[in-house]
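Visitor:
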DNA sequence: TATTGTTATACTCTATAACTATA
DNA sequence: TATAGTTATAGAGTATAACAATA
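Residue numbers (the numbering used here), protein chains in the order written: chain A, 1 to 163; chain B, 164 to 326.
1) In chain order, what residues of the same chain have a beta carbon less than 7 Å from the beta carbon of residue 131 of chain A, not counting five sequence neighbours either side?
2) Are there 16 or more other CB atoms within 10 angstroms of the CB of residue 40 of chain A, so buried, or fewer, so exposed?
3) Taking all protein chains shown into account, do 16 or more other C-beta atoms lie within 10 angstroms of the C-beta of residue 229 of chain B, making it buried, or fewer, making it exposed?
4) Relative to chain B, which residues along the segment 68 to 97 of chain A have a C-beta separation below 7 Å, given in chain order?
5) Taking the alpha-carbon positions, what's the residue 20 of chain A to residue 101 of chain A distance?
6) Would you mind sorting residue 160 of chain A into buried or exposed? The rule is 16 or more other CB atoms within 10 Å of its CB.
7) Identify each residue in the segment 185 to 219 of chain B for which the Cβ-Cβ distance to at least one residue of chain A is less than 9 Å, and report them in chain order.
8) Where does residue 20 of chain A sit, in a helix, a strand or coil, going by DSSP?
9) How many angstroms separate the CA atom of residue 99 of chain A from the CA atom of residue 107 of chain A?
10) What's the gap between the Cα of residue 60 of chain A and the Cα of residue 143 of chain A?
11) Below 6 Å CB to CB, which residues in the same chain sit around residue 260 of chain B once its five sequence neighbours on both sides are set aside?
12) How would you call residue 273 of chain B, buried or exposed, if buried means at least 16 neighbouring beta carbons within 10 angstroms?
13) Grouping DSSP H, G and I as helix and E and B as strand, with all else coil, what is residue 65 of chain A?
14) For a test of the three-state rule: what should DSSP assign to residue 276 of chain B, helix, strand or coil?
15) Look at the Cβ atom of residue 128 of chain A, then the Cβ atom of residue 14 of chain A, and state whether they are nearer than 9 Å.
16) Is residue 68 of chain A closer than 9 Å to residue 179 of chain B when the C-beta atoms are compared?
17) Counting only beta-carbon atoms, is residue 183 of chain A nearer than 9 Å to chain B?
18) If we count the other Cβ atoms within 10 Å of its Cβ and call it buried at 16 or more, is residue 137 of chain A buried or exposed?
19) Check whether the Cβ atoms of residue 199 of chain B and residue 54 of chain A lie closer than 9 Å to each other.
20) Considering only the alpha carbon of each residue, which of B:298, B:312 and B:247 lies closest to residue 133 of chain A?
21) Helix, strand or coil for residue 258 of chain B, going by three-state DSSP, please let me know.
22) Is the beta carbon of residue 318 of chain B closer than 9 Å to that of residue 219 of chain B?
23) Using a C-beta cutoff of 9 Å, does residue 117 of chain A count as contacting chain B?
24) Ignore the nearest five residues each way along the sequence and tell me which others in residue 141 of chain A's own chain have a CB closer than 7 Å to its CB.
25) Provide the residue span of the alpha helix (DSSP H) that contains residue 78 of chain A, from first to last.
26) Within the 9 Å Cβ cut-off, does residue 164 of chain B reach chain A?
27) Taking 9 Å as the cut-off, decide whether the C-beta atoms of residue 24 of chain A and residue 284 of chain B are in contact.
28) What does residue 286 of chain B reach in chain A if we use C-beta pairs closer than 7 Å?
29) Residues in the segment 138 to 161 of chain A with C-beta within 9 Å of chain B's C-beta atoms, listed in sequence order?
30) Which residues in chain A have a C-beta closer than 9 Å to the C-beta of residue 266 of chain B? List them in chain order.
31) So, helix, strand or coil for residue 132 of chain A, using DSSP?
32) Are residue 152 of chain A and residue 197 of chain B touching if we call contact CB-CB under 9 Å?
Structure below.
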């Protein structure tokens with residue numbers, strides 16, 4: 001068997017192109033996938049809530065937010081939010097109330113038990129974040145968030161110009 | 164109408180919780196979504212290839228890589244890779260050849276035209292990256308990649324310990 | 001006319017399990 | 001027994017278009 005006929009048997013032997021290793025969007029993408037997977041794997045026992053933790057925190061901070069505003073805040077079409085709220089309402093996290101002054105609008109709230117369970121979930125979220133940023137000093141984290149914010153500003157400019 | 168009855172009309176009025184603004188995994192997640200969306204919106208005329216650019220670069224750097232190794236390199240199940248390769252092969256980017264020494268294995272290559280078109284696509288990818296990191300110095304980019312690599316190391320440790 | 005929430009629908013992406021052929 | 005590729009299938013998650021109610 002000539003060397004050219006041998007078959008690669010181990011991922012460790014795969015050559016990663018420099019272009020990818022040095023690409024900030026590519027690294028962010030890989031990191032996001034790994035971070036999200038580890039989060040979902042670790043945080044169990046909260047039904048569908050972990051994946052909507054950010055959204056639930058926004059509801060907590062904006063009690064009675066209209067569905068359309070909530071959808072915009074998490075960059076979803078308002079039709080995509082409907083099944084999510086149905087699930088979270090069925091699981092007891094959220095409730096929707098009609099608005100007296102504008103009968104088109106339904107306002108979203110946390111239930112009392114949703115509020116309480118969100119505290120417990122938040123502790124798990126913080127623990128996960130601690131794992132993710134282990135070894136980074138407060139200055140490192142601040143630097144990282146600052147650089148990510150600058151990248152985010154570029155993307156907002158881009159969408160602002162093209163929208 | 165009492166103030167409490169007024170309805171929020173603008174996303175700008177939504178309060179973003181500090182926990183989210185200061186969360187590195189959450190910011191990475193939002194950034195990834197925005198970055199990927201801007202990339203797909205900008206780079207057109209290359210069929211399905213833009214979303215698999217990273218994979219195509221890995222094939223380029225590892226000509227003849229077995230499907231199973233390629234799937235591992237991009238963190239996909241090997242069954243998920245099959246329809247992707249069927250599409251890219253149908254569009255003329257890739258080809259698969261059986262291996263003489265191990266008849267189970269199919270090795271993946273770029274076609275000549277795939278190789279040539281990948282050069283043109285790469286120019287678009289670089290232009291997109293330039294937009295994303297606009298305003299960052301070489302030192303900033305290096306710092307950002309270094310901090311992301313440290314986060315990535317934490318996640319690899321985590322998966323290494325739990326797998 | 002425009003907005004809100006909803007429904008119907010379709011498409012993309014992914015994993016799991018089971019199969020075949022080979023090793 | 002284990003591995004490589006495939007197929008069938010199912011489940012998220014999302015968007016678009018069209019609708020009724022309301023502004």
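Idealized CB from N, CA, C, for every residue including glycine.
Guide: Inspection of the coordinates gives the following:
1) Result list for residue 131 of chain A: empty, nothing under 7 Å.
2) exposed
3) buried
4) 69, 72, 73 and 75
5) 53 Å
6) exposed
7) 185, 186, 187, 188, 189, 190, 191, 192, 193, 194, 195, 196, 197, 198, 199, 200, 201, 202, 204, 205, 216 and 217
8) helix
9) 7 Å
10) 28 Å
11) 270
12) buried
13) strand
14) helix
15) no
16) no
17) As shown, chain A starts at 1 and ends at 163. That puts residue 183 of chain A outside it, with no answer to give.
18) Exposed is the label assigned to residue 137 of chain A, since fewer than 16 other Cβ atoms lie within 10 Å of its Cβ.
19) no
20) B:312
21) strand
22) no
23) Chain B, which has no Cβ nearer than 9 Å to the Cβ of residue 117 of chain A, makes this no.
24) Taken in chain order, the residues that qualify are 133.
25) First-last of the alpha helix (DSSP H) with residue 78 of chain A: 78 to 90.
26) Only weak support is given to the placement of residue 164 of chain B: the predicted model assigns it a pLDDT of 40, under 50, and the value that follows is read from those uncertain coordinates. Residue 164 of chain B counts as touching chain A.
27) no
28) Within chain A, no residue comes near residue 286 of chain B; the closest Cβ sits about 12 Å away, beyond 7 Å.
29) 140, 141, 143, 144, 145, 147, 148, 149, 150, 151, 152, 153, 154, 155, 156, 157, 158 and 159
30) Chain A residues near residue 266 of chain B: none, gap ~11 Å exceeds 9 Å.
31) helix
32) yes
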